[in-house]
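These protein sequence lines are chains A and S, in that order. Under the working numbering, the first residue of the first sequence is numbered 125, with each subsequent residue one higher. Under the working numbering, the first residue of the second sequence is numbered 125, with each subsequent residue one higher. Contents: one structure, followed by commentary.
2 protein chains.
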Amino acid sequence: MPVSLVRKLEQFAPLSDTEKQIVQEAPMRVRHVEPQHDIVSEGDRPVEISLITDGFACRYKILDDGRRQIISFLIPGDICDLRALLFRQMDHSVAALNGCQIAIISHQRLFDIIEKYPRLALAFWSDSMRNAAIYREAIVNLGRRSAYARIAHLLCEQWIRLEVIGMTRDGTFELPITQTDLADATGLSLVHVNRTLQKIRADGLITFRHNLVTVLDPQRLQAVAQFNPTYLAAAPHTVAATHPEFLRDVG
Amino acid sequence: MPVSLVRKLEQFAPLSDTEKQIVQEAPMRVRHVEPQHDIVSEGDRPVEISLITDGFACRYKILDDGRRQIISFLIPGDICDLRALLFRQMDHSVAALNGCQIAIISHQRLFDIIEKYPRLALAFWSDSMRNAAIYREAIVNLGRRSAYARIAHLLCEQWIRLEVIGMTRDGTFELPITQTDLADATGLSLVHVNRTLQKIRADGLITFRHNLVTVLDPQRLQAVAQFNPTYLAAAPHTVAATHPEFLRDVG
DNA sequence: CGCCTAGTTGACCAGGTTCAACAACGGTGG
DNA sequence: CCACCGTTGTTGAACCTGGTCAACTAGGCG
Numbered sequence: 125m126p127v128s129l130v131r132k133l134e135q136f137a138p139l140s141d142t143e144k145q146i147v148q149e150a151p152m153r154v155r156h157v158e159p160q161h162d163i164v165s166e167g168d169r170p171v172e173i174s175l176i177t178d179g180f181a182c183r184y185k186i187l188d189d190g191r192r193q194i195i196s197f198l199i200p201g202d203i204c205d206l207r208a209l210l211f212r213q214m215d216h217s218v219a220a221l222n223g224c225q226i227a228i229i230s231h232q233r234l235f236d237i238i239e240k241y242p243r244l245a246l247a248f249w250s251d252s253m254r255n256a257a258i259y260r261e262a263i264v265n266l267g268r269r270s271a272y273a274r275i276a277h278l279l280c281e282q283w284i285r286l287e288v289i290g291m292t293r294d295g296t297f298e299l300p301i302t303q304t305d306l307a308d309a310t311g312l313s314l315v316h317v318n319r320t321l322q323k324i325r326a327d328g329l330i331t332f333r334h335n336l337v338t339v340l341d342p343q344r345l346q347a348v349a350q351f352n353p354t355y356l357a358a359a360p361h362t363v364a365a366t367h368p369e370f371l372r373d374v375g
Numbered sequence: 125m126p127v128s129l130v131r132k133l134e135q136f137a138p139l140s141d142t143e144k145q146i147v148q149e150a151p152m153r154v155r156h157v158e159p160q161h162d163i164v165s166e167g168d169r170p171v172e173i174s175l176i177t178d179g180f181a182c183r184y185k186i187l188d189d190g191r192r193q194i195i196s197f198l199i200p201g202d203i204c205d206l207r208a209l210l211f212r213q214m215d216h217s218v219a220a221l222n223g224c225q226i227a228i229i230s231h232q233r234l235f236d237i238i239e240k241y242p243r244l245a246l247a248f249w250s251d252s253m254r255n256a257a258i259y260r261e262a263i264v265n266l267g268r269r270s271a272y273a274r275i276a277h278l279l280c281e282q283w284i285r286l287e288v289i290g291m292t293r294d295g296t297f298e299l300p301i302t303q304t305d306l307a308d309a310t311g312l313s314l315v316h317v318n319r320t321l322q323k324i325r326a327d328g329l330i331t332f333r334h335n336l337v338t339v340l341d342p343q344r345l346q347a348v349a350q351f352n353p354t355y356l357a358a359a360p361h362t363v364a365a366t367h368p369e370f371l372r373d374v375g
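Printed below as a string of structure tokens:
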């Protein structure tokens, strides 16, 4: 059933029909999470993984003084708590931004799968690595870019990621986040986000109303953001090139 | 020979004598890299992995305007370019901070190993995940903490990481980074790092001279940094608890 | 002794924060 | 259908953390 998962894993390694089938038919439960509610919380020790099949979410940490830093956004196909497969507990939380549909698969089941199909293990591992690449870019964004560029960069990233999974149309996509969320993601104050966003709109780069973003001037938006999408690139079948024996049985 | 690698992987999964031996006897070359020279550069497509056996390094990206953001620091036992095992090219660079001894193992060889010993694959995967946890904490650091807390946090992190591999003595450890490096890692200006560092020293939290840091008041340093080391924790044998069949053959 | 790198200092400036109030919008109930 | 309410977005003004520019000092090394 988790077709979105198959599509995600295929980005990273070529899968045989058997492998696709195994993933699609993995027994799972479905859960619905209300907006603003945690899907997993810091300190949790999940024994299953939660995959977002519909809706948006964010990874975040809360500081001692109650302030929040959003670490990244999750979109359909993303796994909330893959970390807990190999580490005891979550070091951060994941909250739904709008109503989320979640598919749940047990660690036990996942271990069975990756033990039997090593190529699938590599695909999951690749997913972890791509997340790490997104984090690295976020570090650059927060460390060295202006407010204006930070917000522009965040928009570029969401845009490309949603485009890859077919969730954009004519430069328009859904982005159900408030300016407060945007502030917590970019390390800025709410007030400054508001003013900067107005400037970005006034400059004719985007529109952003009712959780709908439209990119009006892709070139200029990417330019002011210093956005270079290579870090988001999947590794289409790298394994194929470097290690043919991982390709046995691929249809 | 790469004993440091065995020790690192053992943090994440229990290894049989055979597995330890396989890792230790993996054919490899050794290379020395001069201070300030890249071990791998953005855009490179390495066909081998580079493991730091001695010395310090940093991951970084360069912006269009030439400014640099340091993403994380590498210490003995860390792998510079594990990413390139599964992705085509490096999305960032790694540079030596002081003279570095590097062990080089081919992708081919590594694939052979992890195909035959799935538990080792999980251990490498865990290493990727722990790096991701370090990145997440860096995002919080850059996004939401003051200059003073950022620097304190960075020092806490290096301190704990070096302690784990036995490279501290009585709260003192080597940290071969300049104030310019510190600025590029914390997203601050060189001048402000200098002044903030003076304040941290004046407050009696640390001394920092000639690349040697001494933590004078661990409690207070961790408090001002809001440092919570759980994100650094290895997952001692999580797999053992959740999936016994991965423990076959462990001595 | 001279050079180069790393560290330090002062003065001025600006990007971004904080506080406080208000406006717009969508949803709800009477 | 409208009044009410909570959430989200917007604005102004004062303030401050941290940036920039520019010069100078301290060490290490040949």
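For glycine and all other residues, C-beta sits at the position ideal for the given N, C-alpha and C.
At 7 angstroms on the CB atoms, spell out the chain A contacts of residue i, in chain order.
i	result
residue 188(S)	350
residue 311(S)	266, 267, 268
residue 221(S)	Within chain A, no residue comes near residue 221(S); the closest Cβ sits about 18 angstroms away, beyond 7 angstroms.
residue 355(S)	215
residue 191(S)	268
For residue i, would you say it is in contact with chain S, using Cβ-to-Cβ distances shorter than 8 angstroms as the test?
i	result
residue 185(A)	yes
residue 374(A)	Bear in mind that a pLDDT of 49 at residue 374(A), under 50, signals an unreliable position, so the model cannot answer this.
residue 245(A)	yes
residue 242(A)	yes
residue 371(A)	Here residue 371(A) scores only 49 on pLDDT, less than 50, and its place in the model should not be relied on; the value that follows carries that caveat. Output row for residue 371(A): interface = no.
Looking at residue i: is its Cβ nearer than 8 angstroms to the Cβ of residue j?
i	j	result
residue 205(A)	residue 176(A)	no
residue 259(S)	residue 324(S)	no
residue 225(A)	residue 154(A)	yes
residue 330(A)	residue 340(A)	yes
residue 207(S)	residue 169(S)	no
residue 218(A)	residue 234(A)	no
residue 185(A)	residue 264(S)	yes
residue 296(S)	residue 345(S)	no
residue 353(S)	residue 284(S)	yes
residue 250(S)	residue 306(A)	no
residue 194(A)	residue 327(A)	no
residue 203(A)	residue 152(A)	no
residue 215(S)	residue 355(A)	yes
residue 133(A)	residue 244(A)	yes
residue 396(S)	residue 138(S)	Because chain S spans 125 through 375 in this model, residue 396(S) falls outside it and cannot be assessed.
Check whether the Cβ of residue i sits closer than 7 angstroms to any heavy atom of the ligand NAP, and report yes or no.
i	result
residue 356(A)	Of the ligands one can find in the structure shown there are none, so the ligand NAP has no counterpart to examine.
By the three-class DSSP mapping on this structure, what secondary structure does residue i have?
i	result
residue 174(S)	strand
residue 224(S)	strand
residue 211(A)	coil
residue 233(A)	helix
residue 299(S)	coil
residue 197(A)	strand
residue 340(A)	coil
residue 268(S)	helix
residue 375(S)	Caution is warranted here: a pLDDT of 42 is assigned to residue 375(S), below 50, making its placement in the model unreliable, and no coordinate value can be reported.
residue 361(A)	At residue 361(A) the pLDDT is 47, less than 50, meaning the model places this residue with poor confidence and gives no usable figure here.
residue 351(A)	coil
residue 73(S)	Lying outside 125 to 375, the shown extent of chain S, residue 73(S) is not represented and no answer is given.
residue 274(S)	helix
residue 191(A)	coil
residue 247(S)	helix
residue 149(S)	coil
Taking DSSP's pairing of strands, which residues face residue i in a bridge?
i	result
residue 218(A)	164(A), 183(A)
residue 258(S)	Answer by DSSP bridge pairing: none, since residue 258(S) is not bridged.
residue 293(S)	296(S)
residue 332(S)	337(S)
residue 203(A)	175(A)
residue 285(A)	In DSSP, residue 285(A) forms no bridge with anything.
Taking Cβ positions only, does residue i come closer than 8 angstroms to chain A?
i	result
residue 207(S)	yes
residue 143(S)	no
residue 177(S)	no
residue 277(S)	no
residue 239(S)	yes
residue 263(S)	yes
Please compile the residues from chain A whose C-beta is within a distance smaller than 8 angstroms of the C-beta of residue i.
i	result
residue 260(S)	183, 185, 195, 215, 216, 259
How would you list, in chain order, the residues of chain S whose beta-carbon sits under 9 angstroms from the beta-carbon of residue i?
i	result
residue 256(A)	207, 252, 253, 255, 256, 259
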